[in-house]
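Here's the structure we're looking at; comments come further down.
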């Protein structure tokens, strides 16, 4: 049947031109029963994305126009339709927030429709541990008739934004997503990225997508209402990006460490903005926004952090785990002769000065074969990217370096140094 249809090609009007030569090529291959590639058609597809990160204060105040600009529709397409998913922990901490959100949409109903009251869902890493929550958002998207020209707005911490982002990216093969991050970590790092995902099989972000949000809106008021632990956690990501990309930014953090540890807004806000800018610069200008290669330089300190979080049953927050992972990789960089000892000490002192603990007992957990469970994080990190293992270490503050292997002995030595350092700090604090 196939041969018969192909034989008929010579009767087509274009058979005498280039398509005629294609017909002859295909027909000849079939007659010779060749199993080689007969023909390959190839085109390059380029897609440009606009990635907006907006900073404001009082996003849902009655006079705010920020969201009107973000959600502006093309003329003649009607009102923007929006489904809001709200972090329940945030709503409980700020009881007036759900009503303020509804009031803002009601006062702007001429151009924007809130399709349902805000959907309240639990925040925190545990919401990423079951696909069920993604299905919940899918069901609400379907129930409320959200299509590819409508919006899902996620308001909360990084974990909620990751989960809702996955739901938005997979409903109708992608509906528009607006992120409103409400933690230091999400505003300074995770919400700026183009990734969405949930955890599975004991692995961080095993199920996920790359899909740039339509906009990220950072409202400083949310940061200033956080409990101290959550205000601190995201500062580790600012230290991280400074360590690998911007020595001047590191010096700014270093000189302002006391003000940052006290969460002074005048110190916090510029650090959040610069951290977000550096992350966005890398995504837009680094040449691999969707991570087709084997390197992931923005994940300095993350191979250990991603393993430490589930080992602690998520007792340790992501930002806290990143601080520990960075401390480990800073000492490893020094042990490997890559990083000057004085610079390594500067990084550790900044992290400690911000209030981070740089050791956790889970770092020394062993399996039944008496092997460190943490080391499994190296292979899991490699699998997550594919290709060969690529770890970012430090050559100097402000400049990372990629390596393709890690020596177990140097890792163990760094872990022991962190343990002893932590014990000494605890004794000094108690004495």
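Residue numbers (this note's numbering): -3 to 427.
In this text, a Cβ means the ideal position worked out from N, Cα and C, and glycines have one as well.
As the structure is a prediction and not an experimental result, all values here were calculated from the model.
Beta-ladder partner(s) of residue i, from DSSP
| i | result |
| --- | --- |
| residue 52 | 215 |
| residue 121 | DSSP lists no partner for residue 121. |
| residue 79 | 148 |
| residue 396 | 390 |
| residue 116 | 82 |
| residue 368 | 362 |
Assumed close pair residue i, residue j - CB separation to whole angstroms, cut-off 8 Å
| i | j | result |
| --- | --- | --- |
| residue 90 | residue 221 | 6 Å |
| residue 82 | residue 152 | 7 Å |
| residue 397 | residue 385 | Rounded, the Cβ-Cβ distance is 14 Å, inconsistent with contact. |
| residue 346 | residue 253 | 6 Å |
| residue 229 | residue 308 | At roughly 14 Å, the Cβ-Cβ gap does not stay under 8 Å, so residue 229 and residue 308 are not in contact. |
| residue 108 | residue 76 | 5 Å |
| residue 371 | residue 407 | 7 Å |
| residue 121 | residue 155 | 5 Å |
| residue 142 | residue 114 | About 14 Å; that fails the 8 Å criterion. |
| residue 87 | residue 93 | 6 Å |
Residue j beta carbon less than 8 Å from that of residue i
| i | j | result |
| --- | --- | --- |
| residue 298 | residue 318 | yes |
| residue 85 | residue 118 | yes |
| residue 213 | residue 55 | yes |
| residue 303 | residue 405 | no |
| residue 205 | residue 192 | yes |
| residue 49 | residue 276 | yes |
| residue 263 | residue 393 | no |
| residue 157 | residue 184 | no |
| residue 271 | residue 234 | yes |
| residue 198 | residue 306 | yes |
| residue 207 | residue 190 | yes |
| residue 146 | residue 171 | yes |
| residue 196 | residue 203 | yes |
| residue 411 | residue 360 | yes |
| residue 269 | residue 51 | yes |
| residue 391 | residue 354 | no |
| residue 255 | residue 47 | no |
Residue i, enclosing beta strand (DSSP E) - first and last residue
| i | result |
| --- | --- |
| residue 205 | 199 to 206 |
| residue 196 | 191 to 196 |
| residue 111 | Residue 111 -> no beta strand (DSSP E), and no H or E assigned at all. |
| residue 177 | 172 to 177 |
Length of the line joining the Cα atoms of residue i and residue j
| i | j | result |
| --- | --- | --- |
| residue 403 | residue 417 | 21 Å |
| residue 136 | residue 173 | 14 Å |
| residue 102 | residue 231 | 36 Å |
| residue 258 | residue 42 | 46 Å |
| residue 414 | residue 53 | 39 Å |
| residue 427 | residue 419 | 12 Å |
| residue 362 | residue 369 | 5 Å |
| residue -1 | residue 167 | Legend: pLDDT at residue -1 = 42, less than 50; position of this residue unreliable, value from coordinates given subsequently. Near 41 Å, if we compare the C-alpha coordinates of residue 167 and residue -1. |
| residue 316 | residue 37 | 49 Å |
| residue 160 | residue 128 | 12 Å |
| residue 124 | residue 35 | 44 Å |
| residue 400 | residue 375 | 12 Å |
| residue 290 | residue 324 | Because the pLDDT of residue 290 is 46, which lies under 50, any placement of that residue in the model is unreliable, and the question is left without a value. |
| residue 248 | residue 131 | 43 Å |
| residue 300 | residue 274 | 23 Å |
| residue 134 | residue 165 | 10 Å |
| residue 241 | residue 227 | 23 Å |
| residue 322 | residue 57 | 39 Å |
| residue 351 | residue 251 | 15 Å |
| residue 421 | residue 341 | 14 Å |
| residue 246 | residue 295 | 17 Å |
| residue 364 | residue 330 | 31 Å |
| residue 1 | residue 39 | Confidence at residue 1 is low in this model, with a pLDDT of 46, below 50, so the placement of that residue should be treated as unreliable; the coordinate-derived value is given next. Cα to Cα, residue 1 sits roughly 26 Å from residue 39. |
| residue 225 | residue 126 | 25 Å |
| residue 116 | residue 332 | 48 Å |
| residue 328 | residue 95 | 50 Å |
| residue 5 | residue 44 | Confidence is the limiting factor: at residue 5 the pLDDT is only 47, short of 50, which leaves the residue's position unreliable, though a coordinate-based value still follows. Distance between the alpha carbons of residue 5 and residue 44 is about 38 Å. |
Alpha helix (DSSP H) segment containing residue i, residue limits
| i | result |
| --- | --- |
| residue 304 | 298 to 307 |
| residue 387 | Careful: residue 387 lies outside any alpha helix (DSSP H), inside the beta strand (DSSP E) at 387 to 392. |
| residue 231 | 231 to 241 |
| residue 434 | Residue 434 lies beyond the stretch modelled for the chain, which goes from -3 to 427, so this question has no answer here. |
| residue 275 | 261 to 281 |
| residue 43 | Residue 43 -> no alpha helix (DSSP H), and no H or E assigned at all. |
Below-8 Å beta-carbon distance, residue i vs any chain C residue
| i | result |
| --- | --- |
| residue 299 | In the structure shown, chain C does not exist; there is a single protein chain. |
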